[in-house]
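Below: one structure, written as structure tokens.
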Amino acid sequence: MKRILNKETNKYLDKKVKTAGWVDSIRSHGKITFIDLRDVSGILQLVCKADIAKEIRPEWVIEVEGKISKRPNKMINPKLKTGEIELFIDELKVLSEAETIPFSIEGDGYDISEEKRMTHRYIDLRRQRLKRNITDRQKAISFIRSFLEEDGFVEIETPMLTKSTPEGARDFVVPSRLQAGKFYALPQSPQQYKQLLQIAGFEKYFQIARCLRDEDPRGDRQPEHTQLDLEMSFIDQEDVIELIEKLFISLVKKLYPEKKIQETPFPRITYSQAMKKYKTDRPDLRNPPAGGKKDPNLLAFCWVIDFPFFKKTDGDGWTFTHNPFSAPKPEFMDDLLKKKNVKSILTSQYDIVLNGSEVGGGSIRNHQSEALEVVFEIIGYKKQEVKENFGHMLEAFKYGVPPHGGIASGLDRLLAILLGEETIREVIAFPKTGDSRDLMMNAPSEISKTQLKELKIKLWEK
RNA sequence: GGGGGCGUAGAUCAAUUGGUUAGAUCGUUUCCCUGUCACGGAAAAGGUUGCCGGUUCGAGUCCGGUCGCUCCCGCCA
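What follows is the structure, encoded as structure tokens:
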């Protein structure tokens, strides 16, 4: 007999079926025993004589065959999808025994230490809340994919092994064996590749991209996170904003109909207004609720625009505030080329903020190589450094560059907000801890002397 | 790199401000129970109070160190 899912048993009234799963709970009443069987689709109540149930324990994996019967009217459980039926066990087979699990998977699990939850993440993921989070995540990503594909976007994978760049976040580096002494970097974002894909003529690119940064994590930051990354040619800021608003609004409408978006189109606020009025560049625009209690279903998106392009470094030089490949706003192009009024040059950068969290950012890119070179000059790169680090970009810019721009949106943060989670760890299947370790795999870990030798790496004495 | 918080049973916490044998709930084990669904009832097991040292007649409690966990600032184009 073929095994069916618990949720499918509804269709097999008075028929014999086979199901399998984990023993969620056992309620013994002497001569009769009830077992809640949990599988990916939900819970099914099994009924059997005492002696059959006596030899099993919670979290054991079992397979049962038996007849599906309607429950007596008074015994219907409205909380279960299969609450009107139950399975009378004819045969029970233990597929796997289980030790007592180290923490309870009943309830939301917020009060259990994350150290324990992370060490046994595969047990924590049995929890209903996390099952929902992870499957909802997939639904959202699936929605985004089909939305963009219908709009003519092509999803293109870009390399994980790439080149370290000097500015921005610290890179994770990977030693090269074949080029001993040299290192790849894991991508902080597919920024350069997606621009090169515009030069290649794909015009509408997107990717559900993993981005890696070797910086200290927080509740809303992990060493690796997932972005919706996209880039388009022959467009301006309005096109990107329009696309993202349409995407986010339809995503919320389709998957979270109970949520309401406070204002559409999303309000726009300049960086200087935001700093003046809210003292932050990611303001929470949710209207204060009447009763004093925040509405968990309220979503207040906004765009923050008109960021300064440059800021002073600790020394007396300049650095960029967001992205060196951004174009200045058109009216500042002249100042940029002449390196005049550097402090007041505004970038075409736009950030999208949801309930006080930055959930995306992008810009119209600087597609003229002379202007890009000036940016590098302002931030003090020597000609040689520019050639070494960005020579490939400047070279590519010689061969016909369409005006282009795009955005990247942090999906972990977006999902965490939509699912009402405090940290993005709750929407990631296997997250890292607050100090970037994987407690389950015990990573990072030391590598063997042989591996080090092959890579020609000598460890520093402590 | 800097700062804060925490470490007591398998889990989550308590212990009246230093005083008898370190408790509770959940979980676990055994027994009873034919309609439960967080079943119910009875009983039991389970602790080097993270570790080392100090103060004290006496330390889970105070002090120093150490290890571990956690959050925040810096950092994160």
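Just so you know, the first sequence maps onto residues 17 to 478 in the working numbering.
Glycine included, each C-beta is placed from N, C-alpha and C at the ideal position.
Note that this is a predicted model, so its numbers are computed, not measured.
Separation of residue j from residue i, as counted between CA atoms
{"i": "Met91", "j": "Ile423", "result": "54 Å"}
{"i": "Glu418", "j": "Leu212", "result": "Here residue 418 turns out to be Pro, not Glu, going by the sequence shown. Cα-Cα distance, rounded: 10 Å."}
{"i": "Glu219", "j": "Gly421", "result": "10 Å"}
{"i": "Glu279", "j": "Phe317", "result": "7 Å"}
{"i": "Ala196", "j": "Lys474", "result": "12 Å"}
{"i": "Phe392", "j": "Leu370", "result": "32 Å"}
{"i": "Thr363", "j": "Gln289", "result": "15 Å"}
{"i": "Arg441", "j": "Gln207", "result": "25 Å"}
{"i": "Gln223", "j": "Glu254", "result": "21 Å"}
{"i": "Gly372", "j": "Ala343", "result": "26 Å"}
{"i": "Asp297", "j": "Arg381", "result": "21 Å"}
{"i": "Met248", "j": "Ser112", "result": "52 Å"}
{"i": "Phe119", "j": "Leu202", "result": "35 Å"}
{"i": "Pro94", "j": "Glu100", "result": "8 Å"}
{"i": "Leu271", "j": "Glu438", "result": "20 Å"}
{"i": "Leu164", "j": "Lys269", "result": "16 Å"}
{"i": "Asp232", "j": "Gly168", "result": "37 Å"}
{"i": "Lys448", "j": "Arg234", "result": "10 Å"}
{"i": "Arg43", "j": "Asn89", "result": "20 Å"}
{"i": "Gln1", "j": "Leu246", "result": "There is simply no residue 1 to check, as the chain begins at 17 and stops at 478 in what is shown."}
{"i": "Asp428", "j": "Ile150", "result": "11 Å"}
{"i": "Asp332", "j": "Tyr287", "result": "23 Å"}
{"i": "Leu468", "j": "Thr181", "result": "24 Å"}
{"i": "Val443", "j": "Phe199", "result": "32 Å"}
{"i": "Arg87", "j": "Leu53", "result": "16 Å"}
Whole-angstrom C-beta distance between residue j and residue i, which should lie under 8 Å
{"i": "Ile105", "j": "Ile68", "result": "6 Å"}
{"i": "Lys65", "j": "Lys47", "result": "7 Å"}
{"i": "Ile251", "j": "Tyr415", "result": "The pair is not a contact, with the Cβ atoms about 20 Å apart (cut-off 8 Å)."}
{"i": "Arg143", "j": "Ile117", "result": "Incorrect: roughly 11 Å between the Cβ atoms, too far for contact."}
{"i": "Trp334", "j": "Gly396", "result": "7 Å"}
{"i": "Phe159", "j": "Leu315", "result": "Actually they are not in contact, since the Cβ atoms of Phe159 and Leu315 sit about 16 Å apart, beyond 8 Å."}
{"i": "Ser85", "j": "Asp30", "result": "7 Å"}
{"i": "Glu462", "j": "Arg193", "result": "Contact doesn't hold; Cβ gap of about 18 Å is too wide."}
{"i": "Val190", "j": "Leu177", "result": "6 Å"}
{"i": "Leu455", "j": "Ala156", "result": "Their Cβ separation, rounded to whole angstroms, is 27 Å, which puts Leu455 and Ala156 out of contact at 8 Å."}
{"i": "Lys275", "j": "Asn303", "result": "Between Asn303 and Lys275 the Cβ distance is about 15 Å, and since that is not below 8 Å, they are no contact."}
{"i": "Arg133", "j": "Gly125", "result": "7 Å"}
{"i": "Lys355", "j": "Ile394", "result": "6 Å"}
{"i": "Val39", "j": "Glu102", "result": "At roughly 15 Å, the Cβ-Cβ gap does not stay under 8 Å, so Val39 and Glu102 are not in contact."}
Secondary structure of residue i, DSSP reduced to three states
{"i": "Glu462", "result": "coil"}
{"i": "Phe50", "result": "strand"}
{"i": "Ser192", "result": "coil"}
{"i": "Gln207", "result": "helix"}
{"i": "Leu29", "result": "strand"}
{"i": "Gln384", "result": "coil"}
{"i": "Lys310", "result": "coil"}
{"i": "Thr329", "result": "coil"}
{"i": "Lys34", "result": "strand"}
{"i": "Asp67", "result": "helix"}
{"i": "His408", "result": "helix"}
{"i": "Glu107", "result": "strand"}
{"i": "Glu79", "result": "strand"}
{"i": "Leu391", "result": "According to the sequence shown, residue 391 is Val rather than Leu. Helix, per DSSP."}
{"i": "Phe163", "result": "helix"}
{"i": "Arg19", "result": "strand"}
{"i": "Val369", "result": "strand"}
{"i": "Val170", "result": "strand"}
{"i": "Arg87", "result": "coil"}
{"i": "Lys276", "result": "strand"}
{"i": "Phe446", "result": "coil"}
{"i": "Thr116", "result": "coil"}
Residue closest to residue i, alpha-carbon to alpha-carbon, out of the options
{"i": "Glu115", "options": "Gly99, Arg73 and Arg148", "result": "Arg73"}
{"i": "Leu244", "options": "Tyr28, Asp236, Phe264 and Gly123", "result": "Phe264"}
{"i": "Ser360", "options": "Tyr397, Asp322 and Gly396", "result": "Asp322"}
{"i": "Ser452", "options": "Glu240, Asn89, Ala216 and Leu96", "result": "Glu240"}
{"i": "Glu261", "options": "Ile251, Pro283 and Gly235", "result": "Pro283"}
{"i": "Gly426", "options": "Gln238, Gly184 and Asn405", "result": "Gln238"}
{"i": "Val358", "options": "Asp367, Ile368, Lys345 and Tyr366", "result": "Lys345"}
{"i": "Tyr221", "options": "Glu386, Glu173 and Lys310", "result": "Glu173"}
{"i": "Gln384", "options": "Val402, Gln365, Lys398 and Leu353", "result": "Leu353"}
{"i": "Lys292", "options": "Val320, His45 and Arg133", "result": "Val320"}
{"i": "Pro386", "options": "Asn405, Met349 and Lys356", "result": "For the record, residue 386 in the displayed sequence is Glu; it is not Pro. Minimum Cα distance to Glu386 is reached at Met349."}
{"i": "Phe446", "options": "Val402, Phe50, Lys147 and Gly123", "result": "Lys147"}
{"i": "Asp351", "options": "Asp367, Phe325, Leu468 and Gln365", "result": "Phe325"}
{"i": "Pro299", "options": "Ala459, Asp367, Met17 and Asp40", "result": "Asp367"}
Residue i: CB within 7 Å of a non-hydrogen atom of the ligand GTP
{"i": "Lys262", "result": "By its list of ligands, the structure shown contains no ligand whatsoever, and the ligand GTP lies outside what it can speak to."}
Is it a yes or a no for the stretch 360–377 touching the stretch 336–348, going by three-plus beta-carbon pairs under 8 Å?
yes
Report yes or no: do the stretch 78–97 and the stretch 31–50 share at least 3 C-beta pairs separated by less than 8 Å?
yes
Using a Cβ distance threshold of 8 Å, determine whether the stretch 18–30 contacts the stretch 48–57, with at least three qualifying pairs required.
Yes, they touch.
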